[in-house]
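Undergrad:
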Amino acid sequence: MNPRDNPESAETRLQMSFDDNSLLPQLFGDGDQHLARIERALGISLASRGNRLAISGNAAHAELARSALAGLYDRLKRGHEVDAQAVDAALRMAPQHGGEPWSDSDEIRTRKRRIAPRGPVQAQYIKALRSHEMVFGLGPAGTGKTYLAVAMAVDMLMNGKVERIVLSRPAVEAGERLGFLPGDLKEKVDPYLRPLYDALHDMLPGDQVVKRITSGEIEIAPLAFMRGRTLANAYVILDEAQNTTPVQMKMFLTRLGENARMAVTGDLSQIDLPKGARSGLTDAIETLGGVEGIAMIRFSEADVVRHPLVARIVTAYDRHDKTRRKPNDPQG
Numbered sequence: 016m017n018p019r020d021n022p023e024s025a026e027t028r029l030q031m032s033f034d035d036n037s038l039l040p041q042l043f044g045d046g047d048q049h050l051a052r053i054e055r056a057l058g059i060s061l062a063s064r065g066n067r068l069a070i071s072g073n074a075a076h077a078e079l080a081r082s083a084l085a086g087l088y089d090r091l092k093r094g095h096e097v098d099a100q101a102v103d104a105a106l107r108m109a110p111q112h113g114g115e116p117w118s119d120s121d122e123i124r125t126r127k128r129r130i131a132p133r134g135p136v137q138a139q140y141i142k143a144l145r146s147h148e149m150v151f152g153l154g155p156a157g158t159g160k161t162y163l164a165v166a167m168a169v170d171m172l173m174n175g176k177v178e179r180i181v182l183s184r185p186a187v188e189a190g191e192r193l194g195f196l197p198g199d200l201k202e203k204v205d206p207y208l209r210p211l212y213d214a215l216h217d218m219l220p221g222d223q224v225v226k227r228i229t230s231g232e233i234e235i236a237p238l239a240f241m242r243g244r245t246l247a248n249a250y251v252i253l254d255e256a257q258n259t260t261p262v263q264m265k266m267f268l269t270r271l272g273e274n275a276r277m278a279v280t281g282d283l284s285q286i287d288l289p290k291g292a293r294s295g296l297t298d299a300i301e302t303l304g305g306v307e308g309i310a311m312i313r314f315s316e317a318d319v320v321r322h323p324l325v326a327r328i329v330t331a332y333d334r335h336d337k338t339r340r341k342p343n344d345p346q347g
């Protein structure tokens, strides 16, 4: 195709100028490392001189760089930091990726940090967690499904919108039968709930986590402990929901009480149930699609925000599974 037939494939040169020189060292990064990161990601060239920046390269990629840099500069003007992760997030959030640079309203605030979306799907997810009573976060590891749900729960607890947080996981590796493990009940179940503890410690000072768990404001328990309860005035999260059975999932979802919120997170490519067992998450997706008040946000490997190698690992496994799977294989 002739570049003239597709203007976005043509080479271009854009100019940007910034009115506050004091912010430029943070915007460009130590030794211009943030600019270099954008250059590598987009295959364009960035050259700074004073308060001006020249962007050269493919027209579409140059415009993407301009939008990302404008979003990062706006972030600095609002008093937030810019690091490598923020640069990656800005590239994902640029208009060409389907979203706008984030604003304060997109962020979740906890005692220890402000958490901004690191991609357009994360932005949709945060909006859904704020506006819906029940949200399903679906997709591979590393997309922030559970982390953002815990952050929103802490945000709502700190702002008095709920009175407590309830975090749960199915202890599927032990089949919910924990008696053969050594130690008391807490010692038996803690290994399965550790990721939830880790997320909490990222949001709150350690002493606050311990205090609130002791007082009952924060409860972390295996799924089996939810049976027979009604959870009111609470933010309730079920993690690793792909490892529930349909009966367990229905039991959990019907625990929703007055002034309560629920987030259900899971990855249908990581089902650890016995072979042939149907996942409660699969069943719920098929049953509840379109039900008013329920949002279902789907992440893909493109939304992985951990180490870049994690995204490549997820993609490789997904590709391998597709080539290995026979056409008549059950899908859960």
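Position in the sequence shown (first residue = 1) + 15 = our numbering. Yeah, the Cβ is synthetic: ideal placement off N, Cα and C, and Gly gets one too. Remember, it's a predicted structure, so these values are computed and weren't measured experimentally.
(1) Under 8 Å: do the stretch 208-216 and the stretch 160-174 share three or more Cβ pairs, one atom per stretch?
(2) By the three-class DSSP mapping on this structure, what secondary structure does E301 have?
(3) In this structure, does DSSP put P237 in helix, strand or coil?
(4) Using a Cβ-Cβ cut-off of 8 Å (strictly less than) and excluding sequence neighbours within five positions of F240, which residues of its own chain qualify?
(5) With F43 as the anchor, note down where its alpha helix (DSSP H) starts and where it stops.
(6) Taking F43 as the reference, which of M218, V97, A75 and G58 has the closest Cα?
(7) Tell me whether K337 is buried or exposed, calling it buried when 16 or more other Cβ atoms sit within 10 Å of its Cβ.
(8) Classify E307: buried if its beta carbon has 16 or more other beta carbons within 10 angstroms, exposed otherwise.
(9) Does DSSP put T338 in a helix, in a strand, or in coil?
(10) Would you please state the rounded distance, in angstroms, between the beta carbons of A278 and I252? I believe it to be under 8 Å.
(11) Taking C-alpha atoms, which residue in R124, A331 and N66 lies nearest to F33?
(12) What are the partner residues of S63, as DSSP defines its beta bridges?
(13) To the nearest angstrom, report how far apart I59 and A25 are at their CA atoms.
(14) D318 to V136, Cα distance in whole Å?
(15) Just how far apart, CA to CA, sit L219 and S230?
(16) Please go through the stretch 245-323 and give each complete alpha helix (DSSP H) segment of 4 or more residues, from N-terminal end onward.
(17) Following the continuous beta strand (DSSP E) through L172, name the residue where it begins and the one where it ends.
(18) What would DSSP say about R28, mapped onto helix, strand or coil?
(19) Considering only C-alpha positions, which residue in the set T297, V102 and R339 is nearest to A83?
(20) Just to confirm the assignment, what range does the alpha helix (DSSP H) spanning V136 have?
TA: Taking the definition as stated:
(1) The count of Cβ pairs closer than 8 Å, one atom from the stretch 208-216 and one from the stretch 160-174, reaches three, so the stretches are in contact.
(2) E301: helix per DSSP, three-state reduction.
(3) Residue state for P237 is assigned as strand, using DSSP reduced to three classes.
(4) Result list for F240: S183, in chain order.
(5) For F43, the uninterrupted alpha helix (DSSP H) run begins and ends at L39 to F43, by DSSP.
(6) When each option's Cα is compared against that of F43, the closest is V97.
(7) Answer is exposed; the Cβ neighbour count stays below 16.
(8) With fewer than 16 other Cβ atoms from the protein chains shown falling within 10 Å of its own Cβ, E307 counts as exposed.
(9) Note: T338 maps to helix in three-state DSSP.
(10) Contact flag correct, Cβ pair sits at about 5 Å.
(11) Checking every option, the nearest Cα to that of F33 belongs to N66.
(12) Partner(s): L68.
(13) One alpha carbon belongs to I59, the other to A25, and they sit about 12 Å apart.
(14) Straight-line Cα distance between these residues: approximately 7 Å.
(15) So the two alpha carbons sit approximately 15 Å from each other.
(16) Counting only runs of 4 or more, we get 261-268 and 295-303.
(17) Run containing L172: none in the beta strand (DSSP E); it sits in the alpha helix (DSSP H), K160 to M173.
(18) When DSSP states are grouped into helix, strand and coil, R28 belongs to the strand group.
(19) Checked all of T297, V102 and R339; the closest Cα to A83 is V102.
(20) P135 to S146 is the span of the alpha helix (DSSP H), which, as asked, contains V136.
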